[in-house]
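Protein chains: 2
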Amino acid sequence: MGKQDVGITVSKEEDFSEWYTQVVLKAKLADYAPVKGLIVLRPDGYSIWESLRSTFDKKFARNGIRNGFLPILIPESLLGKEQKHFAGFNPEVFWVTHSGTNEVGDRLALRPTSETLAYTLYSKWIQSWRDLPLKINFWNTALRAEIKATKPFLRTSEFLWQEGHTVHSTKEEAEKEVIKILDIYKNTVEEELAIPVTTGKKSEKEKFVGAEYTTTMESIMPDGKALQMGTSHFLAQNFSKPFEVKFADKDNVEHFAWQTSWGVSWRLIGAMIMAHGDDKGLVLPPKVAPMQVVIVPIYKNDNDKENVITKVNEIANILELKNIRIHVDSREELTPGYKFNDWELKGVPLRIEIGPKDIENQSMVLAKRYNHEKMKMGLNEVENIITILDEIQTEMLKKARTEAADNTIDIENYDEFKMKMEKGGFFNSPWCGKLDCEEKIKEETGAEIRVIPFNSENTSKKCIYCKQQSTSVPIFARGY
Amino acid sequence: MGKQDVGITVSKEEDFSEWYTQVVLKAKLADYAPVKGLIVLRPDGYSIWESLRSTFDKKFARNGIRNGFLPILIPESLLGKEQKHFAGFNPEVFWVTHSGTNEVGDRLALRPTSETLAYTLYSKWIQSWRDLPLKINFWNTALRAEIKATKPFLRTSEFLWQEGHTVHSTKEEAEKEVIKILDIYKNTVEEELAIPVTTGKKSEKEKFVGAEYTTTMESIMPDGKALQMGTSHFLAQNFSKPFEVKFADKDNVEHFAWQTSWGVSWRLIGAMIMAHGDDKGLVLPPKVAPMQVVIVPIYKNDNDKENVITKVNEIANILELKNIRIHVDSREELTPGYKFNDWELKGVPLRIEIGPKDIENQSMVLAKRYNHEKMKMGLNEVENIITILDEIQTEMLKKARTEAADNTIDIENYDEFKMKMEKGGFFNSPWCGKLDCEEKIKEETGAEIRVIPFNSENTSKKCIYCKQQSTSVPIFARGY
Chain A
1 MGKQDVGITV
11 SKEEDFSEWY
21 TQVVLKAKLA
31 DYAPVKGLIV
41 LRPDGYSIWE
51 SLRSTFDKKF
61 ARNGIRNGFL
71 PILIPESLLG
81 KEQKHFAGFN
91 PEVFWVTHSG
101 TNEVGDRLAL
111 RPTSETLAYT
121 LYSKWIQSWR
131 DLPLKINFWN
141 TALRAEIKAT
151 KPFLRTSEFL
161 WQEGHTVHST
171 KEEAEKEVIK
181 ILDIYKNTVE
191 EELAIPVTTG
201 KKSEKEKFVG
211 AEYTTTMESI
221 MPDGKALQMG
231 TSHFLAQNFS
241 KPFEVKFADK
251 DNVEHFAWQT
261 SWGVSWRLIG
271 AMIMAHGDDK
281 GLVLPPKVAP
291 MQVVIVPIYK
301 NDNDKENVIT
311 KVNEIANILE
321 LKNIRIHVDS
331 REELTPGYKF
341 NDWELKGVPL
351 RIEIGPKDIE
361 NQSMVLAKRY
371 NHEKMKMGLN
381 EVENIITILD
391 EIQTEMLKKA
401 RTEAADNTID
411 IENYDEFKMK
421 MEKGGFFNSP
431 WCGKLDCEEK
441 IKEETGAEIR
451 VIPFNSENTS
461 KKCIYCKQQS
471 TSVPIFARGY
Chain B
1001 MGKQDVGITV
1011 SKEEDFSEWY
1021 TQVVLKAKLA
1031 DYAPVKGLIV
1041 LRPDGYSIWE
1051 SLRSTFDKKF
1061 ARNGIRNGFL
1071 PILIPESLLG
1081 KEQKHFAGFN
1091 PEVFWVTHSG
1101 TNEVGDRLAL
1111 RPTSETLAYT
1121 LYSKWIQSWR
1131 DLPLKINFWN
1141 TALRAEIKAT
1151 KPFLRTSEFL
1161 WQEGHTVHST
1171 KEEAEKEVIK
1181 ILDIYKNTVE
1191 EELAIPVTTG
1201 KKSEKEKFVG
1211 AEYTTTMESI
1221 MPDGKALQMG
1231 TSHFLAQNFS
1241 KPFEVKFADK
1251 DNVEHFAWQT
1261 SWGVSWRLIG
1271 AMIMAHGDDK
1281 GLVLPPKVAP
1291 MQVVIVPIYK
1301 NDNDKENVIT
1311 KVNEIANILE
1321 LKNIRIHVDS
1331 REELTPGYKF
1341 NDWELKGVPL
1351 RIEIGPKDIE
1361 NQSMVLAKRY
1371 NHEKMKMGLN
1381 EVENIITILD
1391 EIQTEMLKKA
1401 RTEAADNTID
1411 IENYDEFKMK
1421 MEKGGFFNSP
1431 WCGKLDCEEK
1441 IKEETGAEIR
1451 VIPFNSENTS
1461 KKCIYCKQQS
1471 TSVPIFARGY
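These protein sequences, in sequence, are chains A and B.
Going by my numbering, the first residue of the first sequence is number 1, and it counts up by one from there.
Going by my numbering, the first residue of the second sequence is number 1001, and it counts up by one from there.
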């Protein structure tokens, strides 16, 4: 197998889309399934999802949220109970019509999202104030038929996600929950995936169908497009009324409950690939890397080999005891150069090279994946590797912040907006709040309101489109 | 809410089936979904599944198995590629025919199991001996339309499970893997769920459709029926040939690979409920209990209350630091008696009662759920609670072993077999190995060959049915 077979053959700069696909497939994160729109996760890809799930689970638990399980089939009649919601999802729904050779009566939808199912059950489970708050999260997949070309993690007809559904006795408590969740999302994405996000509200046009309002976190990708990284919805009583999610208060008076729902999907993995990858392949943040450190032993003859392998295993053992996910690449018949390329392609955050010369000098060579920096370190300083991994994690976020800032501009002139939007970017531009302007801008430039950042409201500026008094300064961008 | 609303209203002895359903629903493990055959897991039920998953994951990882993700939709043409396999599942398959208003071309099956999909991918991923063994596990759900009445965890049209799929270069290695997995299954079920199992092979008639042979673990339930607790299949080259799962060996000669597949489902939770529950409700083994210890503070006036609550919180903090999953039931307006019943219904392994008298005597009352034993313990001995939980776990398995042994008999006389089978049980009876006898026995008694225990082969006895030379002594029983 030559180098050409495994390496990425296009540059990120030249053909971002092809570069992305090659990284996903060649780093063995995912592959296409036989059905258009569907993908498979290979262990290295799924492991990143498991790592995120475990971090979210800990944070959810601390916030009193527990996990549950919902079946995948929802009867058509139930899905249709909240009408706007149904209309929003209907064109994308997969329908089951038969089991074996029998026709099913009411057609069954593969869940596009579980509000209708969850709240049917919640209405049974909740009777009094004692049953509130009820906060359950579900790790599952959702299915929404995708007609455009499949893009792993970003555009697939089935996707891994979590959907959380909470019920509260007061409006205030529910709204607080919406923000608490958005905070968990933000700090997890920034700390684990090293991707900066901007949080705020969606416009009325872009909000979740059925929600009172939607809060969102958005990131800008290196190609200048925006990616929605997660949303947390305030449902108010929009679902509790049709689904009769009611509770008796301490005075035994019945009220409709206040609800939230929220989710992040494996799209976060797609964002991570785009944000950090380079022309050599994937670049993984240490916290989510299935393999954090790879050691490549270097030797030319059997005598050297024994010495080197002994030392390498010694180092590996020390790191393993420190809970570092480490691998020794002891494959025979492959050159160190081949191995370097291979692990760079797979994005391993830190590579250690140890050869006979290094052992003589009581040192080893470290190579950081994210910036290709090489450094020497004493063999007796191996415990510092924990610190170096932490530093890499921090530096990657810092680098990503700088790149995001470089791609973000304040624009109040519409001609400039139109011209510059051709190259993409996050544009902070004042807006009057009217749907009409929002739609015209979308039509003329392809840019949508991605997020109205918190604290960007009540400005004294003029709407970039109609020049009327603006009500906020949203981020406009083209999306995926 | 009175006691009658929450308690179990039938005895396990009198109406096992109704007792089971009441326990599942009233202990809030699960509930019925709006579609017949489907259930929902509430947090206490899902938590048990999470605990099992985490134990299996650790053991799988130690055995070089990693997790992946497969989509739920499999095209009909692919599912039909191994014909016997397809014929076996076809009547139970849910079919997707539309997405939105569009007809899908090839109908899409909701996975009844993923062999066909996984091996299509494996054939792409495996080229040479370097790629083997390939061992991937998938935590997902499978869907098989169930026409009989829904029984949570035992008979549902969608069920949570894991399916593992491994590929090996030699027959020997694959067969070893089959047994390694069965061992992991056995020790996990016995150690975590405190349920004894018997391992061995399925008969030709009962094996997995497409397998060369199926190994299984079976348990006897308190109603005398057998439950299949998990299976591990040796697929030989039955799938690698139609799916072209091939590898080049070191001499670059191509071979078809040797494969295994294996799975356990949430049925294990059903077994746990049946094996340990009693007339007061659920009884949870400490290792998988979402809540291991509940403390009920007892007081009559505000003065006592403050003292008691302070002491209770102190004890709770100590236990929490020891990683014991503890809860303090500080609900107002509910009597201690009501609380006792409530936690007994929910199966919490150990209850601690602390009142003013106990504090005076520097002691507390412990009540074990599984055998209703009450004991006193010094307040300063609180750390012993870890040992007590371990003991409960061990004692529960011991108790279950005794019960299983009581329900297992050696029978060589067919008249006795027929008569006694009316009451159920595990019957060790010699068998000639012929399908005809197996089918006649099933027809006349309702009993199937559940498992041919390892080391039960090559006997010198006579077949219980035809009186010819027997080849093994299988366990016959009626199943779920």
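Ideal Cβ positions, reconstructed from N, Cα and C, are used throughout, including at glycine.
Taking 8 Å as the threshold (C-beta atoms), are K1280/B and E1344/B in contact?
Stepping through the second sequence from its first residue, residue 1344/B is reached at position 344. Stepping through the second sequence from its first residue, residue 1280/B is reached at position 280. A contact, by the Cβ cut-off of 8 Å.
What residue does the alpha helix (DSSP H) around Y1122/B start on, and which one ends it?
Taking the first residue of the second sequence as 1, we reach residue 1122/B at position 122. Segment E1115 to W1125, the alpha helix (DSSP H) holding Y1122/B.
Exposure label - R1331/B; buried when at least 16 CB within 10 Å:
Numbered from its first residue, the second sequence carries residue 1331/B at position 331. With fewer than 16 other Cβ atoms within 10 Å, it is exposed.
What do you get for A367/A, buried or exposed, if any count of 16 or more other CB atoms within 10 angstroms of its CB means buried?
One-based indexing of the first sequence puts residue 367/A at position 367. So A367/A ends up on the buried side.
Roughly how many angstroms separate the alpha carbons of G378/A and D278/A, rounded to a whole number?
Here residue 378/A is taken as the residue at index 378 of the first sequence, counted from 1. Here residue 278/A is taken as the residue at index 278 of the first sequence, counted from 1. The alpha-carbon atoms of G378/A and D278/A are separated by roughly 29 Å.
Measure the Cβ-Cβ separation of A1257/B and R1450/B and say whether it is below 8 Å.
By 1-based counting over the second sequence, the position of residue 1257/B is 257. By 1-based counting over the second sequence, the position of residue 1450/B is 450. Cβ atoms of A1257/B and R1450/B: not closer than 8 Å.
Does the segment 180 to 198 of chain A come close enough to the segment 384 to 404 of chain A to have 3 or more Cβ pairs within less than 8 Å?
By the criterion of at least three beta-carbon pairs nearer than 8 Å, the segment 180 to 198 of chain A is in contact with the segment 384 to 404 of chain A.
Closer than 9 Å, Cβ to any Cβ of chain A: which residues of the segment 1323 to 1337 of chain B, in chain order?
R1331
Cα-Cα separation, F1159/B to A1142/B:
Numbered from 1 along the second sequence, position 159 holds the residue referred to as residue 1159/B. Numbered from 1 along the second sequence, position 142 holds the residue referred to as residue 1142/B. Rounded to whole angstroms, F1159/B to A1142/B spans 6 Å at the Cα level.
Along chain B, in chain order, which residues have C-beta atoms closer than 7 Å to that of N67/A?
Numbered from its first residue, the first sequence carries residue 67/A at position 67. Residues of chain B passing the Cβ test: P1043, Y1046 and E1050.
CA nearest to the CA of W1129/B, picked from K1376/B, Y1465/B and A1248/B:
Residue numbering aside, residue 1129/B sits at position 129 when the second sequence is read from its first letter. A1248/B is the residue among K1376/B, Y1465/B and A1248/B whose C-alpha sits nearest the C-alpha of W1129/B.
Using only the alpha-carbon positions, how far apart do Q4/A and I326/A sit?
Here residue 4/A refers to the residue found at position 4 of the first sequence. Here residue 326/A refers to the residue found at position 326 of the first sequence. Note that Q4/A scores 43 on pLDDT, short of 50, meaning its location in the model is unreliable; the coordinates nonetheless yield the value given after this. The alpha-carbon atoms of Q4/A and I326/A are separated by roughly 27 Å.
Around the Cβ of K84/A, are there at least 16 other Cβ atoms within 10 angstroms (buried) or fewer (exposed)?
Residue numbering aside, residue 84/A sits at position 84 when the first sequence is read from its first letter. Exposed is the call here.
What would DSSP say about Q1004/B, mapped onto helix, strand or coil?
Against the second sequence, residue 1004/B aligns to sequence position 4. Confidence in Q1004/B is poor, its pLDDT being 44 and thus under 50, which makes the residue's placement too unreliable to answer from.
Chain A residues whose Cβ lies nearer than 8 Å to that of S1099/B:
Along the second sequence, one-based indexing puts residue 1099/B at 99. By Cβ distance, chain A contributes E92, V93, F94, W95, A145 and S157.
Report yes or no: is there a C-beta of chain A within less than 8 Å of the C-beta of T1141/B?
As a working mapping, residue 1141/B is identified with position 141 in the second sequence. True, the Cβ-Cβ gap to chain A drops below 8 Å.
Do the segment 1103 to 1110 of chain B and the segment 1170 to 1188 of chain B meet, that is, are 3 or more Cβ pairs less than 8 Å apart?
no
So G230/A packs on S456/A, CB below 8 Å; how close in whole Å?
Counting from 1 along the first sequence, the entry for residue 230/A is found at position 230. Counting from 1 along the first sequence, the entry for residue 456/A is found at position 456. Not confirmed; about 19 Å, so no contact.
Residue nearest to F1138/B in terms of C-alpha spacing, selected from L41/A, P356/A, V283/A and G64/A:
The residue labelled residue 1138/B in the question sits at position 138 within the second sequence. Nearest option by C-alpha distance: L41/A.
Against chain B, does A477/A count as a neighbour if the rule is that its beta carbon must be under 8 Å from one of theirs?
If you number the first sequence from 1, residue 477/A lands on position 477. So, not an interface residue.
Look at the Cβ atom of E173/A, then the Cβ atom of P133/A, and state whether they are nearer than 8 Å.
As a working note, residue 173/A is residue 173 in the first sequence. As a working note, residue 133/A is residue 133 in the first sequence. Yes, the Cβ-Cβ distance between E173/A and P133/A is below 8 Å.
Counting only C-beta atoms, is T1120/B closer than 8 Å to chain A at any point?
Within the second sequence, the letter at position 120 stands for residue 1120/B. Output row for T1120/B: interface = yes.
Please confirm if D342/A has its CB atom under 8 Å from at least one CB of chain B.
Start at 1 with the first residue of the first sequence, and residue 342/A comes out as number 342. Closer than 8 Å to the CB of D342/A there is not a single CB belonging to chain B.
Using a beta-carbon distance below 8 Å, is A33/A in contact with chain B?
Counted from its first residue, the first sequence places residue 33/A at position 33. True, the Cβ-Cβ gap to chain B drops below 8 Å.
Can you check whether the C-beta of L108/A is within less than 8 Å of a C-beta belonging to chain B?
As a first step, residue 108/A must be located in the first sequence, where it is residue number 108. Output row for L108/A: interface = yes.
If you reduce the DSSP assignment to three classes, tell me which class E190/A lands in.
Working through the first sequence from its first residue, we reach residue 190/A at position 190. For E190/A, the three-state secondary structure derived from DSSP is helix.
Which residues, in order along the segment 57 to 86 of chain A, keep a beta-carbon less than 8 Å from a beta-carbon of chain B?
R66, N67, G68, F69, L70, P71, I72, L73, I74, P75 and L78
First through last residue of the beta strand (DSSP E) which encompasses P1075/B:
For the purposes of this step, residue 1075/B is taken as residue 75 along the second sequence, with counting starting at 1. It spans L1073 to P1075 - the beta strand (DSSP E) in which P1075/B sits, taken as one unbroken run.
Using only the alpha-carbon positions, how far apart do G1002/B and Y1338/B sit?
Position 2 of the second sequence, counting from 1, holds the residue named residue 1002/B. Position 338 of the second sequence, counting from 1, holds the residue named residue 1338/B. At G1002/B the pLDDT is 41, less than 50, meaning the model places this residue with poor confidence and gives no usable figure here.
Using only the alpha-carbon positions, how far apart do N90/A and G1100/B sit?
Taking the first sequence and counting its residues from 1, the one referred to as residue 90/A is at position 90. Taking the second sequence and counting its residues from 1, the one referred to as residue 1100/B is at position 100. About 6 Å.
Against I1136/B, what residues of chain C qualify as contacts under a CB-to-CB distance less than 7 Å, listed in chain order?
In the structure shown, chain C does not exist; the protein chains are A and B.
Where does the unbroken beta strand (DSSP E) through L366/A begin, and where does it stop?
Along the first sequence, one-based indexing puts residue 366/A at 366. Looking at the DSSP string, the run of the beta strand (DSSP E) that includes L366/A is S363 to K368.
CB contact below 8 Å: L1132/B versus chain A
Position 132 of the second sequence, counted from the first residue, corresponds to residue 1132/B. Judged by the 8 Å Cβ criterion, L1132/B is not in contact with chain A.
Taking the C-alpha atoms as reference points, what is the distance between G1080/B and G263/A?
Numbered from its first residue, the second sequence carries residue 1080/B at position 80. Numbered from its first residue, the first sequence carries residue 263/A at position 263. Roughly 36 Å between the two C-alpha positions.
Can you tell me which of the three DSSP states M1217/B falls into?
Translated into the one-based positions of the second sequence, residue 1217/B becomes position 217. In the three-state reduction of the DSSP assignment, M1217/B falls in the strand class.
Compute the distance between the beta-carbons of A145/A and E190/A, then report whether it is under 8 Å.
Position 145 of the first sequence, counted from the start, is the residue given in the question as residue 145/A. Position 190 of the first sequence, counted from the start, is the residue given in the question as residue 190/A. Not in contact: A145/A and E190/A (Cβ atoms no closer than 8 Å).
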